[in-house]
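Let me begin by presenting the structure, written as structure tokens, before commenting on it.
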Amino acid sequence: MRKLVMAEEPICRQCLAEGVVPPRATAVADHIVNQAEGGKTVRSNYQGLCWPHSKAKTAKESGIRYDGDLLDAAAVKHLKQA
Ligand SMILES: [Zn+2]
Numbered sequence: 000m001r002k003l004v005m006a007e008e009p010i011c012r013q014c015l016a017e018g019v020v021p022p023r024a025t026a027v028a029d030h031i032v033n034q035a036e037g038g039k040t041v042r043s044n045y046q047g048l049c050w051p052h053s054k055a056k057t058a059k060e061s062g063i064r065y066d067g068d069l070l071d072a073a074a075v076k077h078l079k080q081a
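Just so we're aligned: 7 in numbering that gives the first Met the number 0 is position 8 of the sequence shown, and the numbers increase by one with no gaps anywhere.
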């Protein structure tokens, strides 16, 4: 699925939606609705996202504040403990 999404959406969907200039390249085949929330593994539930937008979405879904910096795994762990 990742290959298909990246082939069909080489540019991050969220960058295009926000008008980011220049839009970043897709790095992740993202589940629009998280699998944990019942999202299905079908093409229509995937979107191409760049790393920053993927990280921001993941952080949002995890209830973690995201203020523009990339959150690495260690930072997320730290925030969850705080
Ligand atoms: Zn993006």
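Don't be surprised by glycine CBs; every beta carbon is placed ideally from N, CA and C.
Task: Length of the line joining the Cα atoms of P22 and S61 - done: The residue labelled residue 22 in the question sits at position 23 within the sequence shown. The residue labelled residue 61 in the question sits at position 62 within the sequence shown. Straight-line spacing of the CA atoms in P22 and S61 works out to 25 Å.
Open item on the list: Could you give the first and the last residue of the continuous beta strand (DSSP E) run that contains Q46?
Closed with: The residue labelled residue 46 in the question sits at position 47 within the sequence shown. Here the beta strand (DSSP E) through Q46 covers Y45 to L48.
Open item on the list: For a test of the three-state rule: what should DSSP assign to V4, helix, strand or coil?
Closed with: Start at 1 with the first residue of the sequence shown, and residue 4 comes out as number 5. Collapsing the DSSP output to three states places V4 in a helix.
Task: Per DSSP, the bridge partner or partners of H30 - done: For the purposes of this step, residue 30 is taken as residue 31 along the sequence shown, with counting starting at 1. Within the DSSP secondary-structure output, H30 pairs in a beta bridge with Y45.
Open item on the list: So, for H30: in the same chain, excluding its five sequence neighbours on each side, which residues have a beta-carbon less than 7 Å away from its beta-carbon?
Closed with: The residue given as residue 30 occupies position 31 in the sequence shown. Result list for H30: G38, N44 and Y45, in chain order.
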